[in-house]
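Taking it in order: structure first as structure tokens, then the write-up.
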Amino acid sequence: MSSQILDMCCGSRMFWFDKQDDRTTFCDIREEEHILCDNRHLVISPDIVADFRKLPFKDESFAQVVFDPPHLVRAGENSWMRKKY
Numbered sequence: 000m001s002s003q004i005l006d007m008c009c010g011s012r013m014f015w016f017d018k019q020d021d022r023t024t025f026c027d028i029r030e031e032e033h034i035l036c037d038n039r040h041l042v043i044s045p046d047i048v049a050d051f052r053k054l055p056f057k058d059e060s061f062a063q064v065v066f067d068p069p070h071l072v073r074a075g076e077n078s079w080m081r082k083k084y
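Numbering (the numbering used here), first residue to last: 0 to 84.
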């Protein structure tokens with residue numbers, strides 16, 4: 000793995016100023032696209048589709064890990080919050 004950083008729940012990469020940061024491997028459990036209520040196009044396109052509870056990397060593969068999982072306890076099945084996060 001040549002990346003220095005792992006974002007293991009990247010979603011639509013809202014955490015990042017540079018959403019294409021080449022130092023980072025973006026990982027998420029889903030790959031999908033949506034049109035939000037304000038007509039913005041939401042893209043969830045990780046480099047690797049995987050569940051953070053069982054990642055396909057060896058221990059100590061990255062110098063830094065970003066872990067910002069969804070914190071939604073109650074989100075409607077079709078809510079834009081659920082789609083974004």
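Beta carbons are placed, not taken as given, at the ideal position from N, Cα and C, and that holds for glycine.
- Closest in alpha carbon position to D27, among D20, A49, H33 and D17, is A49.
- DSSP places F25 in the strand class (E or B) of the three-state scheme.
- According to the DSSP assignment, E32 belongs to the beta strand (DSSP E) that extends over E31 to I34.
- Membership of L41 in the beta strand (DSSP E) is indicated by the continuous run H40 to I43.
- With 16 or more other CB atoms across the displayed protein chains lying within 10 angstroms of its CB, F61 is buried.
- With a cutoff of 8 Å on beta-carbon distance, E30 and S44 are scored as near each other.
- The closest CA to that of F56, considering only D17, Q19, T24 and C9, is found on T24.
- S2 and M13 have their C-alpha atoms some 19 Å from each other.
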